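Trainee:
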Ligand SMILES: Cc1ncc(COP(=O)(O)O)c(C=O)c1O
């Protein structure tokens, strides 16, 4: 066999996607499996968005568009940023890509050279370490824990910065923890960032899914950071449009030019029909999105309460996204006749094999004490899942 790319041999498959595929396979085999691994809303894409897509097809909006996205969509994105985030852009600052994951990849590729360092926190979104590897840069991970609500402090950030730091990769609301940084917490971090010569890439894909009195604040709107921040967003989570594959990035023209060039030689424009659907999503106010968030919040309350009633589990209250991330390490060292629970992976394997219930082990997010449970599913499923956890835990000696 001829040798393959050393870079790619070092990159792992997305573990959450692999787990979802395994669960789908088990279900197809007829096994009674309940999955809480989904990273997507269980709601349908709202009707008005689907209609816009169908209209685009009938209007033959089915050809290549401009690489960076067609003008009407760029306009809608510019208006969205201005209205929601106090971020002010021109078309040359925007790049529409095939999902926010693609946006993050394009932007980090545009920013980094081998040897550069990218700082982000753990628990982190599963794709960050692998995308960082693809850029040739090095991950510098700041650990956070439930006791600090999974948030970093300015001191931790300052300590992590070295002369090699190129990017601070920031994510609020967070996947997997649901942590939401308040405006004050962000401003405290920016006091450090203002003084340093580093870029900020801010992943705000869960912006719309925040609970209680939390408000999303865009770090790029801080005056001194406007030129240094590239903001990432998309429609997957807020509009239940994961399959449509639209994400977007906005920031410094020079950075965006490189990112556009990369895209022009790899995927070209994002799907034209999905772009038309995104214009509808971003410009037509819809109560459906508000209802979705209210429903997520109710489910969050229900699931956190139910989990905290189980002996040995403590589940922090997430303030956004649609995941709970809770500590199961009290069960490490426990055994049944044929299994020993030693870490988050063996815990999840056990629950899947023994009780037919799927969770994502925290280790894939850089925290081996916890597991992630998505509540993008019905109350019946949540109830059933919690019962299965209880039964599984009882069997452990
Ligand atoms: C934190 C975070 N960023 C980015 C993405 C990518 O979203 P998409 O590529 O579907 O737009 C996800 C998806 O799970 C995510 O959780």
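Residue numbers (my numbering): 5 to 401. We put the beta carbon where it would ideally sit given N, CA and C, even for glycine. What you are looking at is a predicted structure, and each value in this text was computed from that prediction instead of being measured.
When you compare only the Cα positions, how much space is there between residue 361 and residue 398?
Mentor: Approximately 15 Å between the Cα atoms of the pair.
Trainee: Could you give the DSSP three-state label for residue 131: helix, strand or coil?
Mentor: Helix.
Trainee: My understanding is that residue 181 touches residue 322, with C-beta atoms under 8 Å, so please give their C-beta distance in whole angstroms.
Mentor: With 8 Å as the limit, residue 181 and residue 322 qualify as a contact, their Cβ atoms being about 6 Å apart.
Trainee: From which residue to which residue does the alpha helix (DSSP H) around residue 18 run?
Mentor: Note, residue 18: premise wrong, no alpha helix (DSSP H); not H, not E.
Trainee: Considering only heavy atoms of ligand 1, does any lie closer than 8 Å to the CB of residue 207?
Mentor: Yes.
Trainee: Ligand 1 and residue 106: does any heavy atom of the ligand fall closer than 8 Å to the residue's C-beta?
Mentor: Correct: residue 106 has its Cβ closer than 8 Å to ligand 1.
Trainee: Does ligand 1 have a heavy atom nearer than 8 Å to the CB of residue 271?
Mentor: No; taking the cut-off as 8 Å, the Cβ of residue 271 has no heavy atom of ligand 1 nearer than that.
Trainee: Would you say the region 109 to 129 touches the region 173 to 187, given that touching needs at least three Cβ pairs under 8 Å?
Mentor: Yes, they touch.
Trainee: In the DSSP assignment, the beta strand (DSSP E) including residue 99 goes from what residue to what residue?
Mentor: From DSSP, the beta strand (DSSP E) with residue 99 extends over 98 to 101.
Trainee: Just the Cα atoms here: how many angstroms apart are residue 183 and residue 137?
Mentor: Using only the alpha carbons, I get a separation of about 25 Å.
Trainee: In this structure, does DSSP put residue 169 in helix, strand or coil?
Mentor: The answer is strand: DSSP assigns residue 169 an E or B state.
Trainee: Secondary structure at residue 370, three-state DSSP: helix, strand or coil?
Mentor: The answer is coil: DSSP assigns residue 370 none of H, G, I, E or B.
Trainee: For residue 170, count neighbouring C-beta atoms within 10 Å of its own C-beta (all shown protein chains included) and say buried if the count is 16 or more, exposed if not.
Mentor: With 16 or more Cβ atoms within 10 Å of its Cβ, residue 170 is classed as buried.
Trainee: Which residue's Cα is closest to the Cα of residue 381: 341, 35, 300 and 99?
Mentor: Here the closest residue by C-alpha is 300.
Trainee: So, residue 74 versus residue 278, is the Cβ gap smaller than 9 Å?
Mentor: Result no, Cβ atoms of residue 74 and residue 278 do not sit closer than 9 Å.
Trainee: Pick helix, strand or coil for residue 318, following the three-state DSSP scheme.
Mentor: Correct three-state label for residue 318: strand.
Trainee: Go through its chain and collect everything with a Cβ distance to residue 211's Cβ below 6 Å, but skip five positions before and after it.
Mentor: Once the five neighbours on either side are set aside, the close Cβ partners of residue 211 are 220.
Trainee: Considering only the beta carbon of each residue, do residue 209 and residue 172 sit closer than 9 Å?
Mentor: It is not a contact, given that the beta carbons lie outside the stated cut-off.
Trainee: Hey, residue 251 and residue 104 are a contact pair by Cβ (cut 8 Å); roughly how many whole angstroms apart?
Mentor: Between residue 104 and residue 251 the Cβ distance is about 3 Å, and since that is below 8 Å, they are a contact.
Trainee: Taking the Cβ atom as the reference point for each residue, do residue 288 and residue 71 lie within a distance shorter than 9 Å?
Mentor: No.
Trainee: With H, G and I counted as helix, E and B as strand and the rest as coil, what does DSSP make of residue 207?
Mentor: Here residue 207 sits in strand by DSSP.
Trainee: Evaluate residue 151 with the Cβ neighbour count: other Cβ atoms within 10 Å of its Cβ, from every protein chain shown; 16 or more gives buried, anything less gives exposed.
Mentor: Under this definition residue 151 is an exposed residue.
Trainee: Can you determine whether any heavy atom of ligand 1 sits closer than 8 Å to the C-beta of residue 131, and answer yes or no?
Mentor: Yes, ligand 1 has a heavy atom inside 8 Å of this Cβ.
Trainee: Within its chain, find whatever has a CB closer than 6 Å to the CB of residue 349; leave out the 5 residues flanking it on each side and keep chain order.
Mentor: Same-chain partners within the cutoff: 365 and 367.
Trainee: Assign residue 41 to buried or exposed, taking buried as 16 or more other Cβ atoms, counted over all protein chains shown, within 10 Å of its Cβ.
Mentor: Burial call: buried.
Trainee: Output the boundary residues of the beta strand (DSSP E) element that contains residue 235.
Mentor: Run containing residue 235: 233 to 238, per the beta strand (DSSP E) assignment.
Trainee: Considering residue 126, what are the terminal residues of the alpha helix (DSSP H) in which it resides?
Mentor: Taken as a continuous stretch (DSSP letters only), residue 126 belongs to no alpha helix (DSSP H), being part of the beta strand (DSSP E) at 121 to 126.
Trainee: Hey, how far is the Cα of residue 13 from the Cα of residue 139?
Mentor: Distance between the alpha carbons of residue 13 and residue 139 is about 14 Å.
Trainee: Jot down the residue ranges of each uninterrupted beta strand (DSSP E) in the region 146 to 204, minimum 3 residues, whole runs only, in chain order.
Mentor: Complete beta strand (DSSP E) runs here, min 3: 169 to 175.
Trainee: Is it the case that the region 323 to 338 contacts the region 157 to 167, given that we only count it when at least three CB pairs across the two stretches are under 8 Å?
Mentor: These segments do not touch.
Trainee: Are the region 30 to 39 and the region 238 to 252 touching, with three or more C-beta to C-beta distances below 8 Å?
Mentor: Because the criterion of three Cβ pairs below 8 Å is not met, the region 30 to 39 and the region 238 to 252 do not touch.
Trainee: Here's the rule: buried if 16 or more other CB atoms are within 10 angstroms of the residue's CB, otherwise exposed. What is residue 383?
Mentor: Answer is exposed; the Cβ neighbour count stays below 16.
Trainee: For residue 386, which three-state DSSP category applies?
Mentor: DSSP places residue 386 in helix when its eight states are reduced to three.
Trainee: Verify the contact flag: residue 354, CB atom, against every heavy atom of ligand 1, threshold strictly below 8 Å.
Mentor: Residue 354: no, Cβ never under 8 Å from ligand 1.
Trainee: Measure the alpha-carbon distance for residue 341 versus residue 352 and round it to whole angstroms.
Mentor: Between residue 341 and residue 352, the C-alpha separation is close to 17 Å.
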